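Down below is the structure, laid out as structure tokens.
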Amino acid sequence: MLETETASTRIADKARLIADAIETVVIGKREIVELALTAILVEGHVLIEDIPGVGKTTLAKSLAKTLGCVFKRIQFTPDLLPADITGTGVFNQKDSQFEFREGPVFANVVLADEINRATPKTQSSLLECMEEGQITSDGITYQLPHPFFVIATQNHIEAHGTYPLPEAQMDRFLMRISIGYPERDEEVRILSRPSQGSPVDRMESVITRDELLALQAEVANVYIDPSLREYVVDIVAATRKHPMTQFGASPRGSLFLLHAAQAYAGLKGRTYVLPDDVKRLAKPVLAHRIILRPEARAKGTTAETMIGEILSQIPVPATM
């Protein structure tokens, strides 16, 4: 037990260092930063969705800068091609043969900036990368570095010149989070920062790649009571049976919610998962996996409000 407690303390201490560093550039969004770190601790992909100008790219870049990993950024545009992401075969005149030239996806942390501005064909080129950690080109499979995760940003689909992500790709993201507007005093602090240069460019890594891999291994040892596994299944099953849903969350949603709860508990310095961990993560992990019926959308119902309703109805297990 003492060894487990030490591991959880180590996870919490490192997460605190990362969050403190990010808060120097992303002001007043500690809870959002912790959610993103939760996903990273289980090597999950994160989708940051919001209106332009609230700091989506800044959050994604600062996360990558603090992790001590190889970082690549892809600016998604309508003319971006799949080969621009994954790489392509190039003819080498000296050797008289084709050789594969790696694309920017060959990194530990890939920032897919404004992912919904690319065409569906280009968006889908990330599917194999996100699901299996590999890409296939000309019939040859290439493994991506480990760890590997995508931090994607997108504007709302109502914004001009965007393409909604397909459901299959949305399901690959462990979590969808939204930053929101800053509070008044937070916005004043933002305006008080020096105007020259980006504060993200001055950031340095807080942990190394090997330390991150160790933290990810330790998260898997956070204890989760069997009754909480049933609680997760009940929540996900309720999204499928709800009268307002056309399609509920898949079993992948159950797995992601379970693993995210373990990471969140470790981030908070605990050796065990609480029901509150599951409840806190249910919306960011499940909402983007749910497709509502047209009549529900017409009434202004959102997946988040529906999940809140489900959480209020399902009995919470007594685990401790």
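Position one of the sequence shown corresponds to residue 16 (the numbering used here), numbered consecutively onward.
For every residue, glycine included, the Cβ atom is placed at its ideal position computed from N, Cα and C.
None of these values were measured; they are calculated from a predicted model.
Inset, instruction - Let me know the secondary structure DSSP gives Tyr178 once reduced to three states. - result: coil
Inset, instruction - Would you decide whether Arg191 is buried or exposed? Buried here means 16 or more other CB atoms lie within 10 Å of its CB. - result: buried
Legend entry - Contacts around Pro214, its chain only, beta-carbon distance under 7 Å, and the 5 residues preceding and following it disregarded: Thr39, Val40 and Arg208
Legend entry - Thr72 beta carbon less than 8 Å from that of Ile33: no
Legend entry - Backbone secondary structure at Gly154 - three-state DSSP: coil
Inset, instruction - Reducing DSSP to helix, strand and coil, say where Arg191 ends up. - result: strand
Inset, instruction - Go through its chain and collect everything with a Cβ distance to Val331's Cβ below 6 Å, but skip five positions before and after it. - result: Pro290
Legend entry - Enclosing beta strand (DSSP E) for Lys87 [first to last residue]: Phe86 to Gln90
Inset, instruction - Note down the Cα distance separating Thr134 from Ile325, rounded to an integer number of angstroms. - result: 35 Å
Legend entry - Pick from Glu319, Arg116, Phe188 and Phe115 that is closest to Met145, judged by C-alpha positions: Phe188
Legend entry - His274 - containing alpha helix (DSSP H), residue span: Pro266 to Leu282
Legend entry - Cβ neighbours of Thr92 in the same chain (closer than 7 Å, five flanking residues each side left out): Arg132 and Ala133
Legend entry - Secondary structure of Arg217, DSSP reduced to three states: helix
Inset, instruction - Using beta-carbon positions only, say whether Val203 and Val247 come within less than 8 Å of one another. - result: no
Inset, instruction - Go through the stretch 72 to 150 residue by residue and report every complete run of the beta strand (DSSP E) that reaches 3 residues or more, in order. - result: 86 to 90, 102 to 107, 112 to 117 and 124 to 128
Inset, instruction - Spell out a yes or no on whether the stretch 158 to 167 and the stretch 49 to 62 are touching, meaning 3 or more CB-CB pairs, one atom from each, closer than 8 Å. - result: yes
Inset, instruction - Name the two residues that bound the continuous alpha helix (DSSP H) containing Thr320. - result: Ala318 to Gln328
Legend entry - Sequence-distant residues of its chain with Cβ nearer than 6 Å to Gly70 (five each side left out): Val41 and Ile194
Legend entry - Helix, strand or coil at Val300 [DSSP, three-state]: helix
Legend entry - Which residues DSSP lists as bridging His171, in chain order: DSSP lists no partner for His171.
Inset, instruction - Within the same chain, show all residues whose beta-carbon is closer than 6 Å to that of Leu17, passing over the 5 residues directly before and after it, in chain order. - result: Low confidence applies to Leu17: its pLDDT is 42, below 50, so where it sits in the model is not reliable, and the reading given next is rough at best. Contacts found: none.
Legend entry - Which listed residue (Lys109, Gly284 and Lys44) has its alpha carbon closest to that of Ser77: Lys44
Inset, instruction - Determine, using beta-carbon pairs with one atom in the stretch 297 to 306 and one in the stretch 266 to 274, whether at least three such pairs fall under 8 Å. - result: yes
Legend entry - Secondary structure of Ile338, DSSP reduced to three states: The chain is shown from 16 up to 335; residue 338 falls before or after that span and cannot be answered.
Legend entry - Residue range of the unbroken beta strand (DSSP E) whose run includes Ile205: First-last for Ile205: Arg199 to Leu206, but that is the alpha helix (DSSP H), not the beta strand (DSSP E).
Legend entry - For Leu243, the three-state DSSP class (helix, strand or coil): helix
Legend entry - Contact under 8 Å by Cβ, Asp116 with Gly102: In the sequence as presented, Asp is not what sits at residue 116; that position holds Arg. It is a contact, given that the beta carbons lie within the stated cut-off.
Inset, instruction - Could you tell me whether the Cβ atoms of Val404 and His274 are closer together than 8 Å? - result: Only positions 16 to 335 of the chain appear in this structure, which leaves residue 404 out of reach.
Legend entry - Expected contact under 8 Å - CB spacing of Ile322 and Ala297 to nearest Å: 5 Å
Inset, instruction - Quick one: give me the first and last residue of the alpha helix (DSSP H) that Leu230 is part of. - result: Arg224 to Val234
Inset, instruction - Compute the distance between the beta-carbons of Thr260 and Leu301, then report whether it is under 8 Å. - result: no
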